[in-house]
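Engineer: Pasting a structure below so you can have a look.
Chains as they are written, first to last, in UniProt numbering: chain A, 1 to 418; chain B, 1 to 418.
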């Protein structure tokens, strides 16, 4: 955005930025509906056009024609590893360090349970008070299952390093906060935890595909992540898990299902863990979901990571500036870090009428989302959101506020999912 | 099969049986490849033709056009319950007693953990030595995670009732044995367990969709089952879990993810379990997989359960008789119960050359499978397997044995999945 004055930028400038955008060509690879400005790719990513062909192929040709033979003929059995290795390339992991399986929540359980076993003398899982709830709930459930010997200790996001002590078994954090977009310094926190003898688990749900992630560069022990946000894997896409190779031989799987057995098809009576990370697999892989996810991951692999981050930051900066400039008098308070190096690919504002404002925007085709109690959340998926989209989105916001459109009765009723 | 003499039955008789089969009309609802006789629907069910349209719709229209709004607009969020209730109708459960989620293995873990908490003073999970391995492995992993206070006790399938004692917390059995097809008496074993104060968990992987299941009629406490076998939900389809309503309020979820929270979208810091069985949900539902599974379940709901069982028994009886009559001299030993009321919808033979014989049959388009060490397994999905198919399958077996086709080198190499 060199040479562009954010205080005077207009639609024409935005269109010029789109024309010069090296990622602009990806937009046509997605099937986005007409009239929609989609600023919720951090909740559910858009549909890659080829995902439709690929799911038709896996259902019609692979399942329909190969039937049971598909497990070998189409390498269904290897998909957790194949797609996992591709995600590994997006996250600074080596081949064999990432597997696609289950949901993020289930993977959190697997890795938290494994981590506590690696630090049997320690009692504390340390997390962030405003972490995504499932990360906290899963830790709670595990601790209760284990009889309450452990403790989930919660700190503010800025106090994590100071809260790590000799009793910390595991530091469990989400790389980019789901509500505010605040970005943790993965390398610094991991180093601090390691100095204290603790392990670290990173949830990459809101970073992979939008923010550079270098798990091995940061020395991370474990990670989980989501397939349906910036990876564009489809609703309820399977999730992934990472464990650094140095831990593989010591990992004891709590969810010791047949797919994690050393010889799943020998049908032995007793469990023997597979050699590598495959021991963390549990049940039969979700083949159709894996096939759709692979399309999204392949598309992401075509894009340059540095360009993704640069564009994401530009979009965020532009959005924040335009809201400040054009909606300054309506009481929006920036809820994301003001320093763009400290935030992910989203901008959030707090507003007392956050819920109906988001609904009014959605009715206009500007899809962001609301997070209780008062957060308007806008995500910028750099593969398919453009600079002019940002201009138009703020234009709609101006209208919604000026005309008090948000005050209409139909925007007040809370739906269960937003 | 009234009036048909199995000792003299021929192809013409088989074709007459197909012509009179009230379930024959379902065959055309499946996309089965030409030249294939599919006797492996108990491993991966065939493709319902409409599953292709439905997955295209959920991907192209629902995901592509509704994007995040699909969670409410297309009721994705309710699919675990909607499809669960439909499976409930196939298994003698009430609405709200079945949920579709995760894999069978993960659901086993959830229910076993919950069951042990309901019987805190008891130490034993009792299972069958020849149970499907993942059922045993998951129990092992749970017991190890809990610190070894519990014990997995294994009995022979015929000795289960005698092995239940005052220390039995949970009896965990598969309704129809995956290798032999032996069918347990669900009501009798459940009653015996209850008299001893134990709970019972039934794995319906090889029964739902082929054998009558009446969970509440039998007084069952818990059940799990598979979506990709007789329910024809596609490779790696999501699985299901059942808990009798009398237990819901006391269930403490070990995998306490956000989807099982009383208010998932309030994003509270602490976990509060949902009111009913929904507390056993964990992560985000696998929407595409659920949509494909629903097609298979809907198709199964169109069929009459008594007709399914009657046809399945006829097919099994016919297959066993023809192998005995036409391949008697080749050393096949029936590995399934001889009494057809005591077996599910499959017939297994033990044979020292079981592996290459199965491979030779597959090369001829007769798809059954091999289960170590020496079992040839043939499943009869009554919705799409006909009587003439059985005749032709045995015809191929006769040729494979007579010509020693199985002895060819290409049939000796073991693949990892069969």
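Glycine included, each C-beta is placed from N, C-alpha and C at the ideal position. On a predicted model such as this, the values are computed, not experimentally measured, just so you know.
Quick one, which residues of the segment 211–222 of chain B are near chain A if we go by CB-CB under 7 Å, in chain order?
Structural biologist: Taking 7 Å as the Cβ-Cβ cut-off against chain A, none of the residues of the segment 211–222 of chain B qualify.
Engineer: Using the Cβ count rule (16 or more neighbours within 10 Å means buried), how would you classify residue 158 of chain A?
Structural biologist: It counts as exposed.
Engineer: Contact between the segment 166–183 of chain B and the segment 325–343 of chain B is defined here as three or more beta-carbon pairs at a separation below 8 Å; is this criterion met?
Structural biologist: Flag = yes, the segment 166–183 of chain B and the segment 325–343 of chain B touch.
Engineer: Could you check the C-alpha separation between residue 417 of chain A and residue 72 of chain B for me, to the nearest Å?
Structural biologist: The predicted model places residue 417 of chain A with a pLDDT of 49, which falls under 50 and marks its position as unreliable; any figure quoted below should be read in that light. If I take the Cα positions, the gap works out to 7 Å.
Engineer: Taking only beta-carbon atoms, is residue 298 of chain A less than 7 Å away from chain B?
Structural biologist: Answer no: the Cβ-Cβ gap between residue 298 of chain A and chain B never drops below 7 Å.
Engineer: Just mark residue 11 of chain B as buried or exposed, buried being the case when its beta carbon has 16 or more other beta carbons within 10 Å.
Structural biologist: By the neighbour-count rule (16 or more Cβ atoms within 10 Å), residue 11 of chain B is not buried but exposed.
Engineer: Taking the C-alpha atoms as reference points, what is the distance between residue 405 of chain B and residue 34 of chain B?
Structural biologist: Going from the Cα of residue 405 of chain B to the Cα of residue 34 of chain B covers about 22 Å.
Engineer: Near residue 332 of chain B, which residues of its chain fall below 7 Å by C-beta distance, leaving aside the five closest residues on each side in sequence?
Structural biologist: Within the same chain, residue 332 of chain B has close Cβ partners 323, 349, 351.
Engineer: Across which residues does DSSP place residue 199 of chain B in a beta bridge pair?
Structural biologist: B:170.
Engineer: Cα-Cα, which of B:186, B:372, B:207 is closest to residue 226 of chain B?
Structural biologist: The option with the nearest alpha carbon to residue 226 of chain B is B:207.
Engineer: Take the Cβ of residue 51 of chain B as the centre, count every other Cβ of all protein chains shown within 10 Å, and call the residue buried at 16 or more, exposed below.
Structural biologist: Buried, because 16 or more other Cβ atoms sit within 10 Å of the Cβ of residue 51 of chain B.
Engineer: Return the residues of the segment 233–247 of chain B that lie within a Cβ-Cβ distance of less than 9 Å from chain A, sorted by chain order.
Structural biologist: Flagged, chain order: 234, 235, 236, 237, 238, 239.
Engineer: From the beta carbon of residue 40 of chain B, is the nearest beta carbon of chain A less than 7 Å away?
Structural biologist: It does: the Cβ of residue 40 of chain B has a partner Cβ on chain A nearer than 7 Å.
Engineer: Should residue 172 of chain A be labelled buried (16 or more other beta-carbon atoms within 10 Å of its own) or exposed?
Structural biologist: Answer is buried; the Cβ neighbour count reaches 16.
Engineer: Can you pull out the residues from the segment 125–141 of chain B whose beta carbon lies closer than 7 Å to at least one beta carbon of chain A?
Structural biologist: Here the close residues are 129, 133, 134, 136, 137, 138, 140, 141.
Engineer: Between the segment 112–124 of chain A and the segment 74–86 of chain A, do at least 3 Cβ pairs fall closer than 8 Å?
Structural biologist: Flag = no, the segment 112–124 of chain A and the segment 74–86 of chain A do not touch.
Engineer: For the alpha helix (DSSP H) containing residue 359 of chain B, list its first residue and its last residue.
Structural biologist: Where residue 359 of chain B is concerned, the enclosing alpha helix (DSSP H) stretches over 354–363.
Engineer: Would you be able to state if there are at least three C-beta pairs under 8 Å between the segment 131–139 of chain B and the segment 295–314 of chain B?
Structural biologist: As far as the Cβ criterion goes, the segment 295–314 of chain B does not touch the segment 131–139 of chain B, which means the pair count is below three.
Engineer: Secondary structure at residue 100 of chain B, three-state DSSP: helix, strand or coil?
Structural biologist: The answer is strand: DSSP assigns residue 100 of chain B an E or B state.
Engineer: Could you name each continuous alpha helix (DSSP H) segment of 4 residues or more that falls completely within the segment 46–72 of chain A, going from the start of the chain to the end?
Structural biologist: Within the segment 46–72 of chain A, the complete alpha helix (DSSP H) runs of at least 4 residues are 49–56.
Engineer: Quick check: what's the CA-CA separation for residue 398 of chain A versus residue 375 of chain A?
Structural biologist: Approximately 17 Å between the Cα atoms of the pair.
Engineer: Can you give me the start and stop residues for the beta strand (DSSP E) that residue 408 of chain A sits inside?
Structural biologist: From DSSP, residue 408 of chain A is part of no beta strand (DSSP E); its letter is neither H nor E.
Engineer: When you compare the CB of residue 202 of chain B with every CB in chain A, is at least one pair closer than 7 Å?
Structural biologist: Not one chain A Cβ lies under 7 Å of residue 202 of chain B.
Engineer: How do the segment 281–293 of chain B and the segment 192–204 of chain B stand: do at least 3 beta-carbon pairs fall below 8 Å, yes or no?
Structural biologist: Result no; under three Cβ-Cβ pairs closer than 8 Å.
Engineer: Run down chain B in chain order and give the residues with a C-beta less than 7 Å from the C-beta of residue 271 of chain A.
Structural biologist: 137, 140, 141, listed in chain order.
Engineer: Would you mind stating whether residue 345 of chain A and residue 210 of chain A have Cβ atoms separated by less than 7 Å?
Structural biologist: Contact flag set, yes.
Engineer: Should residue 7 of chain B be labelled buried (16 or more other beta-carbon atoms within 10 Å of its own) or exposed?
Structural biologist: The residue in question, residue 7 of chain B, is exposed, as its Cβ has fewer than 16 Cβ neighbours within 10 Å.
Engineer: Which word fits residue 205 of chain A, buried or exposed, when buried means at least 16 other C-beta atoms lie within 10 angstroms of its C-beta?
Structural biologist: Counting Cβ neighbours within 10 Å, residue 205 of chain A comes out buried, since at least 16 surround it.
Engineer: Comparing the C-beta of residue 256 of chain B with each C-beta of chain A, is any distance below 7 Å?
Structural biologist: So yes, residue 256 of chain B belongs to the interface.
Engineer: So, at 7 Å on beta carbons, what are the nonlocal neighbours of residue 89 of chain A in its own chain, with the 5 sequence-adjacent residues on each side left out?
Structural biologist: Closer than 7 Å at Cβ, skipping near neighbours: 301.
Engineer: Establish whether the CB of residue 288 of chain B and some CB of chain A are separated by less than 7 Å.
Structural biologist: Yes - at least one Cβ of chain A is within 7 Å of the one on residue 288 of chain B.
Engineer: Does any C-beta atom of chain B lie closer than 7 Å to the C-beta of residue 105 of chain A?
Structural biologist: So, interface residue.
Engineer: Could you have a look at residue 345 of chain A and say whether DSSP puts it in helix, strand or coil?
Structural biologist: Coil at residue 345 of chain A, not helix or strand.
Engineer: In whole angstroms, what is the alpha-carbon distance linking residue 153 of chain A and residue 282 of chain A?
Structural biologist: So the two alpha carbons sit approximately 29 Å from each other.
Engineer: On the CB-based measure, 16 or more other CB atoms within 10 Å of its CB, does residue 382 of chain B come out buried or exposed?
Structural biologist: Residue 382 of chain B is buried by the Cβ-count criterion.
Engineer: Can you tell me which of the three DSSP states residue 34 of chain A falls into?
Structural biologist: Here residue 34 of chain A sits in coil by DSSP.
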